[in-house]
Amino acid sequence: MAEHFAVNGGARLVGAVDVVGAKNSVLKLMAAALLAEGTTTITNCPEILDVPLMADVLRSLGCAVEVDHGTVSIDVPAQPGAQADYRSVSRLRASVCVLGPLLARCRRAVVPLPGGDAIGSRPLDMHQAGLRKLGATTEIEHGRVVAQADELRGAQIWLDFPSVGATENILMAAVLAEGTTVIDNAAREPEIVDLCTMLQQMGAKVDGVGSSTLTVHGVTGLQPTEHRVIGDRIVGATWAFAATMSRGEVTVRGVDPHHIDLVLDKLRSAGAETTMGTDEFTVRMDGRPRAVDFVTLPYPGFATDLQPMAIALSAVADGTSMITENVFEARFRFVDEMVRLGADARTDGHHAVVRGVERLSSAPVWASDIRAGAGLVLAGLCAEGQTEVWDIEHIDRGYPRFVENLRSLGADVARVRSEPDR
Numbered sequence: 155m156a157e158h159f160a161v162n163g164g165a166r167l168v169g170a171v172d173v174v175g176a177k178n179s180v181l182k183l184m185a186a187a188l189l190a191e192g193t194t195t196i197t198n199c200p201e202i203l204d205v206p207l208m209a210d211v212l213r214s215l216g217c218a219v220e221v222d223h224g225t226v227s228i229d230v231p232a233q234p235g236a237q238a239d240y241r242s243v244s245r246l247r248a249s250v251c252v253l254g255p256l257l258a259r260c261r262r263a264v265v266p267l268p269g270g271d272a273i274g275s276r277p278l279d280m281h282q283a284g285l286r287k288l289g290a291t292t293e294i295e296h297g298r299v300v301a302q303a304d305e306l307r308g309a310q311i312w313l314d315f316p317s318v319g320a321t322e323n324i325l326m327a328a329v330l331a332e333g334t335t336v337i338d339n340a341a342r343e344p345e346i347v348d349l350c351t352m353l354q355q356m357g358a359k360v361d362g363v364g365s366s367t368l369t370v371h372g373v374t375g376l377q378p379t380e381h382r383v384i385g386d387r388i389v390g391a392t393w394a395f396a397a398t399m400s401r402g403e404v405t406v407r408g409v410d411p412h413h414i415d416l417v418l419d420k421l422r423s424a425g426a427e428t429t430m431g432t433d434e435f436t437v438r439m440d441g442r443p444r445a446v447d448f449v450t451l452p453y454p455g456f457a458t459d460l461q462p463m464a465i466a467l468s469a470v471a472d473g474t475s476m477i478t479e480n481v482f483e484a485r486f487r488f489v490d491e492m493v494r495l496g497a498d499a500r501t502d503g504h505h506a507v508v509r510g511v512e513r514l515s516s517a518p519v520w521a522s523d524i525r526a527g528a529g530l531v532l533a534g535l536c537a538e539g540q541t542e543v544w545d546i547e548h549i550d551r552g553y554p555r556f557v558e559n560l561r562s563l564g565a566d567v568a569r570v571r572s573e574p575d576r
């Protein structure tokens, strides 16, 4: 028997929701723990499926890992294993981020090509090119990345694209390299800043944090630490879209609103009212949202992870919206499921044109990835009748207590076990 979400549309979401640590940060912080012998403790962790999966990856490398609700403790041995377990890595895209730390600690890393979301090609070319600049040899052999180096030396590295994963792997390898490494066109996401902050707490010397140029002065060793994960801006922004689409009023706590400045600006353009505090914000919407155009770009641009939410909003907005996807080419698979719900949408290459309708219609739909799943649930909130969202294990990988939080805001949503009629 499979599980799905049964979403009955029509509810106006009202209330407050607490957001915990960022999925896109905690998994990389767990990998960074490999850089120091001893016990590193990470708090404010989200209770999502990916955290125990990453714990399994670390256990396969010889670490003792304890996951206790929102706290993860990682005891790293003096000599971690250099070969990650295939079964664990194949289920988790973020597991490739152990490549840099293992190369730094062990001078060798064997990491199976990762799994994760089906949202398009995410090659490791930039990861490998950066590590080669540091003195490593890397090859793809039998479905595994094999990297090794007698020594790592600082280098000048230019990224063709500000890849988050490549920035993270190169950064974590460089902190224990001899000399100075400069990463130009580095990713600037808040999750990169969070990683840099933890590395600095461990004794790493990193300058330019938050900019597109990171300068890393290598050190001979790092110490374990305790670190609190930043709030999940993607989850926080999802609730902001939910408030706007349902014509409700939702206060989101635990997220720095400046991390989603552009999102809130777009929602204001759609007609929403927003107020911001130090670590929270409120979105209120009266009436039907206006159509707004969206273009996905690396941070501080509009996040590709929020593209499904942008399409869902556009589907019920007054007017025509154009959504341009510049990061992951296959994310528009989501549009086919939106059409099942009555959306007037078409795609052409990197662009989707969506003509808003007053009300969507219910239908069974299937989530292809974490964010597509959340977008379909939001669309179901605006549909007549009951929408069934299937393959919800994707949603569970990124949204802790999703149904419980929706219900606390007034949504009529339930997790149901049955067989799909497909």
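Everything in the sequence shown is counted per the numbering used here, starting at 155 for the first residue and increasing by one.
Where is the CB? At the ideal position from N, CA and C, for every residue including glycine.
Predicted model only: the values in this text are computed from it and were never measured.
Give the straight-line distance between the Cα atoms of residue i and residue j, rounded to the nearest whole angstrom.
i    : j    : result
P266 : V243 : 6 Å
P268 : R247 : 5 Å
P231 : T291 : 25 Å
A464 : R261 : 43 Å
G274 : T474 : Low per-residue confidence applies at G274: pLDDT is 45, beneath 50, and the placement is therefore not dependable enough to give any value.
V511 : Q302 : 55 Å
G539 : G564 : 16 Å
D440 : F395 : 13 Å
H296 : D348 : 34 Å
L285 : L257 : 9 Å
T374 : S400 : 54 Å
Q355 : T369 : 16 Å
V449 : V211 : 35 Å
E293 : L451 : 30 Å
A331 : K182 : 19 Å
P462 : H412 : 21 Å
T194 : T334 : 26 Å
A421 : G552 : The sequence given here places Leu at residue 421; Ala does not occur at that position. Their backbone Cα atoms lie some 22 Å apart in a straight line.
C251 : A283 : 15 Å
When the distance is taken between beta carbons, is residue j closer than 8 Å to residue i?
i    : j    : result
G362 : V329 : no
V557 : V567 : yes
S365 : R387 : no
S516 : T541 : yes
C199 : V180 : yes
L535 : G169 : no
I337 : I311 : yes
A340 : P378 : no
H281 : G308 : no
W393 : V383 : no
N323 : G254 : yes
I414 : E157 : no
A469 : A533 : yes
C217 : D229 : yes
D410 : D433 : yes
G385 : G408 : yes
M352 : A466 : no
H223 : E201 : yes
V221 : P206 : yes
A238 : S227 : no
Kindly give me the distance between the Cβ atoms of residue i and residue j, rounded to whole angstroms, as I take these residues to be in contact under 8 Å.
i    : j    : result
M208 : M184 : 5 Å
R259 : L188 : 6 Å
L306 : G289 : 5 Å
A445 : A426 : With 8 Å as the limit, A445 and A426 do not qualify as a contact, their Cβ atoms being about 13 Å apart.
D498 : V489 : With a Cβ gap of about 11 Å, D498 and V489 do not count as contacting.
Keeping to the same chain, check which residues put their C-beta closer than 7 Å to that of residue i; ignore five residues upstream and five downstream.
i    : result
L530 : E491, V519, A521 and V543
F486 : E479, T501 and A506
G390 : V173, V406, V409 and I414
P554 : V174, P200, E201 and I202
A327 : G254, L257, A258, L285, L288 and L306
Looking only at DSSP bridge pairs, what is residue i linked to?
i    : result
A160 : E542 and A568
T292 : A301
R593 : The chain is shown from 155 up to 576; residue 593 falls before or after that span and cannot be answered.
G169 : V404
E427 : R438
T585 : This structure leaves residue 585 out entirely; the chain is present only between 155 and 576.
F448 : I477
R247 : Looking at the DSSP assignment, R247 forms no beta bridge with any residue, so it has no partner.
L514 : A537
Looking only at its chain, what residues have a beta carbon closer than 8 Å to the beta carbon of residue i, apart from the 5 residues adjacent to it on each side?
i    : result
L416 : P454, G455 and F456
A397 : L167, E403, V404, A426, V437, R438 and M439
Keeping to the same chain, check which residues put their C-beta closer than 6 Å to that of residue i; ignore five residues upstream and five downstream.
i    : result
R213 : V219
L418 : T428
H548 : A521, D523, I524 and G527
A263 : A236, L253, L256, L257 and A301
R298 : V264 and P266
G496 : L514 and S515
T197 : T225 and R382
R560 : In the sequence as presented, Arg is not what sits at residue 560; that position holds Leu. Cβ neighbours of L560 beyond the five flanking positions: V567.
Taking only beta-carbon atoms, is residue i less than 8 Å away from chain E?
i    : result
I384 : The structure shown contains no chain E; it is built from a single protein chain.
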